[in-house]
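Under our numbering, the residues of the sequence shown are numbered 10 to 276, in order. Inspection log for the structure reproduced underneath, given as structure tokens.
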Amino acid sequence: MIDRVKQKINELLSDDSVKGVVALVTANGHVAPCLFQKGDDLDKLCLGDTEKPGDARYPLNKVLVTIARQYPEDVFGVLVRGCDERGLYSLYRLNQLDPDKVISIGITCPESLAQACECKKPYPDEISAGEKAEAASQQGVTDMDDKDLLTRFSFWMEQFSKCVKCYGCRNICPMCFCKECSLECEELVSKGDLPVDIPVFHLTRAMHMADRCIDCGLCEEACPSDIPLRLLYKKTSKIMNDQFGFTSGINKNEKSPLSLMGPAPEN
């Protein structure tokens with residue numbers, strides 16, 4: 010699969026279709042993001058596909074947004090898995106990226122990674138390399154929903170109490186791009202206090218992620234306290250899907266129902 014990706018990147022760079030390609034490299038035994046440009050050696054290119062959840066988890070879309078803001082007239086390529094492509098679609102919808110300035114290079118996730126992530130769509134719409142894996146069930150959300158209200162409440166309050174307010178979940182999230190963050194508003198979240206204001210901090214972020222979360226899992230992997238943030242956001246996404254039939258990034262052209270205004274429902 011990696012040979013096909015190298016060929017695709019080389020074609021894009023050789024014919025000047027893109028100024029650069031945001032992808033992954035292996036450096037000192039670790040996976041890291043990299044901007045490949047014309048003439049660069051692609052031997053160190055990697056897909057983060059050693060079938061370990063987390064080894065491919067860099068917010069390449071976030072890197073791309075930063076680069077695109079500095080070079081708004083240039084076209085860039087980016088390596089995407091299913092969740093990354095959902096992120097691109099959402100960033101287009103939110104006017105953070107120009108779709109005419111981005112060329113995606115889609116790769117599929119191995120089935121083991123798809124199952125570990127409980128991913129509903131572990132492949133992009135436009136696949137450059139790889140075979141589609143089967144969608145995984147959302148068993149974690151189902152198991153939590155089966156518990157009674159008091160058990161669920163106690164579980165989440167205990168999890169939230171572990172938070173050290175490092176902002177790692179927000180900082181790594183490819184869908185967090187606001188210049189002013191409500192989580193830094195002292196009227197909402199007390200500055201410097203630990204444990205963090207419970208449950209305001211995490212429920213505020215969960216509400217903001219309801220129509221944005223692309224289920225990449227970066228937040229949970231960045232959390233030093235091992236709070237199951239992905240489970241929390243999977244639940245908010247499920248509510249959005251159940252109530253509005255909307256899942257962030259699944260439909261390229263669909264707008265979030267939270268961004269639309271309409272007549273009040275009839276009583």
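The beta carbon of each residue, even a glycine, is placed where N, CA and C say it ideally should be. All of these numbers come straight from a predicted model, not from anything done at the bench.
Query: If you reduce the DSSP assignment to three classes, tell me which class Val150 lands in.; Result: helix
Query: Pick from Leu269, Val150, Ser246 and Cys172: whose alpha carbon is nearest that of Ala231?; Result: Cys172
Query: On the CB-based measure, 16 or more other CB atoms within 10 Å of its CB, does Asn37 come out buried or exposed?; Result: exposed
Query: May I ask you to report which of helix, strand or coil DSSP gives Cys175?; Result: coil
Query: Would you report the Cα separation of Val150 and Thr160, rounded to the nearest angstrom?; Result: 14 Å
Query: For Asp220 versus Phe255, is the C-beta distance shorter than 8 Å?; Result: yes
Query: Residue range of the beta strand (DSSP E) that Ala36 falls in?; Result: Gly29 to Ala36
Query: Can Ala32 and Leu122 be called in contact, C-beta distance under 8 Å?; Result: no
Query: In or out: Arg102 buried (at least 16 other Cβ within 10 Å) or exposed?; Result: buried
Query: Tell me whether Gly86 sits in a helix, a strand or coil according to DSSP, three-state version.; Result: strand
Query: For Asp52, which option in Gly96, Asp155 and Lys15 has the closest C-alpha, if you only look at C-alpha atoms?; Result: Lys15
Query: Using the DSSP secondary-structure output, state which residues sit across from Ala41 in a beta bridge.; Result: Val34
Query: Check for me: the alpha helix (DSSP H) holding Val74 runs from which residue to which?; Result: Leu69 to Gln79
Query: In this structure, does DSSP put Ile259 in helix, strand or coil?; Result: coil
Query: Assuming the contact rule is C-beta atoms closer than 8 Å, Ile114 and Ile18 should be a hit. Round their C-beta distance to whole Å, please.; Result: 7 Å
Query: Considering only the beta carbon of each residue, do Pro237 and Gln168 sit closer than 8 Å?; Result: yes
Query: Can you check which of these residues, Ser99, Leu22 and Glu127, is closest to Glu143 by C-alpha distance?; Result: Glu127
Query: Is the region 130-138 in contact with the region 170-190, if contact means three or more CB pairs nearer than 8 Å?; Result: no
Query: Leaving out five residues before and five after Asp25 in sequence, what residues of the same chain have Cβ atoms less than 7 Å from its Cβ?; Result: none
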